Structures are given as C-alpha cells and as structure tokens.
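**Student:**
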Amino acid sequence: MESEGVLLPLIHEHLMMPLNDLIPRRGDCCGRLKDINDGYYCKSCDFFVHKKCSESSEYIEHPSHPIHALQLLRKASRFCDLCGWTIKDLLYHCEICEFDIDIYCAKYPPPEVIDISEKHHHKLILLKELSEFYCNANCWKTGYAYPYKCHECDLSFHVNCVWHPSELKHPSEVDHRLFYHCSFCNFTLDMRCVLYPPPQSLLDLKAHDHQLTLLPRLDSFTCNACGLKGDRSPYVCFKCGFMIHQDCLDLPRLININRHDHRVSRTSVLGVVNSVCGVCREKVDWTCGGFSCKRCTDFVVHSKCATREDVWNGKELQGVPEYPEDIEPYVVIDDNTIQHFSHKEHYLRLHVNGGLCEDNKHCNACTHPVSLQSFYECIDCDFILHQNCAGFPRMKWHVLHNERLTLVTTEADLFRCTACGRFSNGFRYQHNKTSFHLLCGSISEPLVHPSHPHHPLYYLLPEKNVKSCNGCNKVAPHVLRCIEKDCEFVLGFECATLPQVVKHRSEDHPLSLCYGEEANGKYWCDICEKETNPKTWFYTCKDHRASLHTHCVLGDFSGLMPRSRIWTMAFGHIEVVLNKSVSRPLCWNCKLHCIPPIIFKSLDTSCVYFCSYGCI
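Position 529 of the sequence shown, counting from 1, maps to 529 under full-length UniProt numbering, and the rest follow consecutively.
(1) Curious, which full-length beta strand (DSSP E) runs of at least 3 residues does the segment 191–224 contain?
(2) Taking the continuous alpha helix (DSSP H) assigned at residue 264, which residues delimit it?
(3) Between which residues of its own chain and residue 419 is the CB-CB distance below 7 Å, once the five residues before and five after are set aside?
(4) Buried or exposed: residue 17, going by 16 or more other Cβ atoms within 10 Å of its Cβ?
(5) What ranges does the alpha helix (DSSP H) occupy inside the UniProt domain "Zinc finger PHD-type" (222–281), keeping only unbroken runs of at least 4 residues that lie completely in it?
(6) If you draw a straight line from the C-alpha of residue 204 to the C-alpha of residue 310, how long is it?
(7) Between the beta-carbon of residue 182 and the beta-carbon of residue 302, is there less than 8 Å?
(8) What residue from 49, 413, 596 and 274 has the CA that sits closest to residue 569's CA?
(9) Output yes or no for whether 8 Å exceeds the beta carbon distance between residue 457 and residue 427.
(10) Would you kindly report the start and end of the unbroken beta strand (DSSP E) that includes residue 388?
(11) For residue 330, which of helix, strand or coil comes out of DSSP?
(12) Might you give, ordered along the chain, the residues of its own chain that have their beta carbon closer than 7 Å to the beta carbon of residue 105, omitting 5 neighbours on each side?
(13) Less than 8 Å between the C-beta atoms of residue 523 and residue 510, yes or no?
(14) Report yes or no: do the segment 381–390 and the segment 584–602 share at least 3 C-beta pairs separated by less than 8 Å?
(15) Beta-carbon separation of residue 597 and residue 559 under 8 Å?
(16) Return the CA-CA distance between residue 495 and residue 421, expressed in angstroms with no decimal places.
(17) Is the CB-CB distance between residue 593 and residue 553 below 8 Å?
(18) Would you mind listing the alpha helix (DSSP H) stretches within the UniProt domain "Zinc finger PHD-type" (468–529) that are 4+ residues and don't spill past its ends, in chain order?
(19) Taking 7 Å as the limit between beta carbons, can you name the residues of its chain near residue 567, skipping five residues before and five after?
(20) According to DSSP, is residue 587 helix, strand or coil?
(21) May I ask you to report which of helix, strand or coil DSSP gives residue 104?
(22) For residue 371, list the residues DSSP reports as bridge partners.
(23) Could you give the distance in angstroms between the alpha-carbon of residue 447 and the alpha-carbon of residue 497?
(24) Apart from the five residues just before and just after residue 38, which ones in its own chain have a Cβ nearer than 6 Å to its Cβ?
(25) Can you tell which of 298, 548 and 263 has the C-alpha that lies nearest to the C-alpha of residue 396?
(26) Check whether the segment 48–67 touches the segment 226–245, taking contact to mean three or more Cβ pairs, one atom from each stretch, closer than 8 Å.
(27) Here's a check: name, in chain order, each residue in its chain whose Cβ is nearer than 8 Å to the Cβ of residue 269, leaving out the five neighbours to either side.
(28) Hey, how far is the Cα of residue 431 from the Cα of residue 212?
(29) When the Cα atoms are used, what is the spatial distance from residue 292 to residue 228?
(30) I believe residue 562 touches residue 576 by the beta-carbon criterion, under 8 Å. Please report the beta-carbon distance rounded to the nearest angstrom.
(31) In this structure, does DSSP put residue 289 in helix, strand or coil?
(32) At what residues does the beta strand (DSSP E) containing residue 402 begin and finish?
(33) With DSSP collapsed to three states, give me the class of residue 172.
(34) Along the chain, where does the alpha helix (DSSP H) containing residue 304 start, and where does it finish?
(35) Enumerate in chain order the residues of its own chain whose CB-to-CB distance from residue 612 is below 6 Å, with the five nearest sequence positions on each side excluded.
(36) Roughly how many angstroms lie between the CA atoms of residue 468 and residue 481, to the nearest whole one?
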C-alpha cells in the first residue's frame, strides 16, 4: 500500500514514504521548488522527490534531441545541456552523444521558437548544436550549452535568461509588480532569484529541526550554520532564533575532506572551545555549526572551509557505507621479517643500519639510496624498502587532492609528481591522472621539518603575495607555511622531501643537508665549481668545508630507480644507471663528463649517455 511506502527503483534505492505538507521543499530530483509539495521522502537519506518527477519514464524521446532516445540515470555533478545548470540528482542521458538534460527541462522543454518583443525585437531560435557562446541577456556570462539564437543580430542567450515572463510577482515582494527592481521599495533581484525565487518558508530537516522563514531585507547577522557574517535575506527560525545563509541550506551532512583520515559530520554546535579549523587554521566559534570528527573529538572545521572545492569532492555520504578499514601494508612474520603487499612472493628481512652509508642500494619505493637508514631487504632477490617506506598506508588523503589516493607499486614509465614537479618511476600515490611520488604523497599536516623544528607547517591557500621557498629561494608550485605570527617560513614540497644525508663521489664521507647560514664572502660548489649562495640550502661534508649545490649532488634523475628502463620518443629505450665508473662518461649532448650520481644510457645506440633532462 502507498501509505506504507513505495519503491521507485528508477529514482531511489530505498523505500520512500508519501509526503504532502504545506511547506515547499526543494526536490532532490530536479533541484526546483514547487508550489504543489506532493511527493515522496526517504528519511534515511533525507531525499525528497516531487510526485511529478517520480512519474518519469526510463526512456523518453525529447524534442531537444530527436535523433536518439534518452535514458533516466542518477548522476550528480553534471550540467544540463539545455539550461546550463548543475544537475541535482536525476538526468536524462544520451549514451551516444553524451547529451544530458535535467528532469525539469525534460518535462518542460523550452519551445523551439520564442517571441519576446519586450526583450528583443526578433524571434529567437533554439539551436540544436552544443556550442560555446556569450550570453547577451542580463547575466553577461559565457555559456556552453544549447542557446537561443537571433540570426539577424548574431546574438545568443541562455535558455533560462530569456524563457520566462518579463514581468512577475515575487513571493518576497507581495505589494508591487517588479522586473528585477522595485523602485517603490528599493528592492532588487538578480537573474537567478528572478527565475527561481526562494520560498517564503520551508522545512528542511537537513538544515534545521523547525520551520524556517525568509527575511527578505538588508540586515547584518551571523549564520548559525557556518559562523560567518551575512548582510541580507537569511532564513530564520522564530522559535529558537536560528539564522542561516540561503546557500548554507544545502550544506551536506556527512563528507570526506582531504585534511583528515576519517569522515566528518555536520553539527549544529561545534562545542570545542579554543580550537582551530582543520583547514584554514583560524579559530572557530564553538557556539556555531561546522563539521567535526566523531573519532577525533578535537578535530573541527568551518562549514565553508570543509566544503571548498579544493578540500571536498562534492559527495554527500549520508547513507553511503564507509570505506573498509585500511589494510596494513605488510604482514609481520617475526620480529625481523615481514611480507610486504608489493612483494608478496618473498619475505623481507630487517637490517638495522649501524652507521654504514649504503649508497649502492636503493629503496624500490622512494628510489633514494638506503644511506644511513634501516631497511628491509628481500632474502631471495635484490628488492629493498626503507623501514619507513614499508610502513606507508595503502590508501590516504592528501592536501593537494580531494579524492582518496591509492598506493600504486607496479612498475611504471615516468610520471610527474603533482606536488613538486619531479619525475619518478617508483611507488606513487595516485587517483586517476593525479600522481604523487611516495615522499610527497606521504606528507600530511602538521609537518614538523628539521629545518623549522619549533613550529609545524601547514598547507594553506596560495596568497596573493607569492613567497619564495626558504630552501631554494624559488617560487614553488605548492608550499607549506608556518602559521605562527610574524613567522614567514615557507617550504616547497621539493625541498621538504630532500634527503637529509646522501653520498657523493666528490666526498669520502656522507653529506648532510645544511639549511643555509648567514655568511660573508664567497662559497664555491666543489662539483660544478660555480658560486653558491650560503643562504639557500646546500649539502656539506663532516668538517663543513664544502658547500655543494643540492642539484649538483642529486641531479635530475634522483627520483628514478637505478637499473630500470624507460622509453623516450627521441632515443627509444634508455636505462637508468649509476655514475660510479672511475672515468665519467661523456654526455652525448653537452659533451661534458657526466657529474650527477644517476644518468641515462641509451640501449638502442651504443655508448650514448645523457646527464640531464635538458640534454635528452
């Protein structure tokens, strides 16, 4: 029986209950508010569908796309090709042409020809080809959709900007007729509010427990949902004094953000005194709403920060099963032996480094030499992992990407790290086309770096005044910052992941990374024999008599695994080789003896070497 609930398999996966009240609700089906509030509601997902929308067929033929049938699908975060608006939940889709229209445009298609003499003196024709255009109506925006076109004047318009009455009565302004502006009341509306006026009152349990009423006037207030100031037309609850921005009504309930390993949920009162936002690092108002972690009671985030495009992937997780708990990267066999998921065929045995610099052995994960670190080595082959690299999680979130990353360990051709721009072919954290080499991918907040031990570093939005990295004195694509007052320390991802200790053929002892020093006079690099800047980072030997450029010590290919092979357009297959011979080979391009510790050797042409990416 309908009173006991209905199943609408094309619309929603759960049982839905009939709903018919006097308060308008925005449909999750089409994103529109309707005067007739008859429909179906899923309490567990807070999902409401208008009855008219629920009667949608699985396949339709639509006049805007007569060549193919359209199928009803559930795919959010797309755009309607007719009106250009973001599709809320349901759409009709052409698999052949990738044509999408929302439910509203499907049920109420715009006419092929319209005559709006009060706006334009010629008839407008609805184009049947997707095109990019500049809207000559009041919105003044560039669109990519199916526009109305005046061929005589060569003008184009969004469907929504011209297909509506030129004069209308707005529910927020009941005493006068208006067209965008009422001179009697000095009341003005933009195009979006003219087309889709906000309801006078609504009941949105996702936003608030009580009925909310629109207060259409200019007035300063503090939004209880996000804690930020507002200056006009909030929704208010006259029972408890709750006030909310209109655009905060649609805040999600449960989401993942890239600053935290657990899900965070929306709460009406944060309740954590003297805490800071986990994204912007500014203080939060504990009396206002925001997002918090149920596992980590001290982790809170401003609503606006949590829902930023660079922080949240736009997915509401209410009713969505949580990811399974992270699988450990290795199985412990005994106190000194593990089986790592990247090398299941053999066991790895721990070697605790006692001070010997192992520069001939390289970690298969980060590709760097073992140096003075403890490492796991395969008992049957030459596979090696730093002890630290072996413990990195198989899945994680990263501050530079708003989707969860997976640790990929299969051999790959060159990829470029999104964080620092270096090339690598070792382990990587990846999602679609975004890849981070292992060291950049493993960085999380707060980062405590030995170059700045007293204050932690955080990733914040780029500032207008771009600051150079304190390590290399160059502008880096992404940087970590110190948030302490009057401290302007900035560190790029490339410098943040430089090895602390390395071995180079120019010195008998291991080289240590020096974080610059105030010094007079000139310093010279013993490798390239050119001047160095002592205020930027450099490598130095045990007695601090040498100052070596970091690039001279590491070279262009420090992110590549020795003895691996890659393919290039110009020279075919190339091998990554250690530059350890007594007589250094000549670079095929620059005709100089190769200096870096790792170089390229062509396998298709005998005795051809390259010392840098510039040379190849």
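Think of the CB as a built atom: it goes at the ideal place given N, C-alpha and C, for glycine as much as any other residue. Bear in mind the structure is a predicted one, so any value in this text is a computation, not a measurement.
**Tutor:** Inspection of the coordinates gives the following:
(1) 212–214 and 218–222
(2) Not the alpha helix (DSSP H): residue 264 falls in the beta strand (DSSP E), residues 264–267.
(3) Same-chain partners within the cutoff: 400, 436, 440, 478 and 493.
(4) exposed
(5) Taking 4 residues as the shortest admissible run, the UniProt domain "Zinc finger PHD-type" (222–281) contains no complete alpha helix (DSSP H) segment at all.
(6) Roughly 27 Å separates the two Cα atoms.
(7) By the CB criterion at 8 Å, residue 182 and residue 302 fall outside the cutoff.
(8) 413
(9) no
(10) Taken as a continuous stretch (DSSP letters only), residue 388 belongs to no beta strand (DSSP E), being part of the alpha helix (DSSP H) at 387–390.
(11) In this structure, residue 330 counts as strand in the three-state DSSP scheme.
(12) 80, 82 and 83
(13) no
(14) no
(15) No, the Cβ-Cβ distance between residue 597 and residue 559 is not below 8 Å.
(16) 12 Å
(17) Cβ distance not < 8 Å, so residue 593 and residue 553 don't count as in contact.
(18) 493–496
(19) 413 and 573
(20) DSSP places residue 587 within a strand segment (E or B) once states are collapsed to three.
(21) helix
(22) 358
(23) 11 Å
(24) 20 and 51
(25) 263
(26) no
(27) 286, 287, 288 and 289
(28) 41 Å
(29) Their Cα atoms are separated by approximately 17 Å.
(30) At roughly 5 Å, the Cβ-Cβ gap stays under 8 Å, so residue 562 and residue 576 are in contact.
(31) coil
(32) Where residue 402 is concerned, the enclosing beta strand (DSSP E) stretches over 401–408.
(33) Its pLDDT being 48, under 50, residue 172 is placed unreliably by the model, and the measurement read from it follows with that caveat. Residue 172 falls in the coil class under three-state DSSP.
(34) Secondary structure note for residue 304: its alpha helix (DSSP H) is the uninterrupted segment 303–306.
(35) 556
(36) 11 Å
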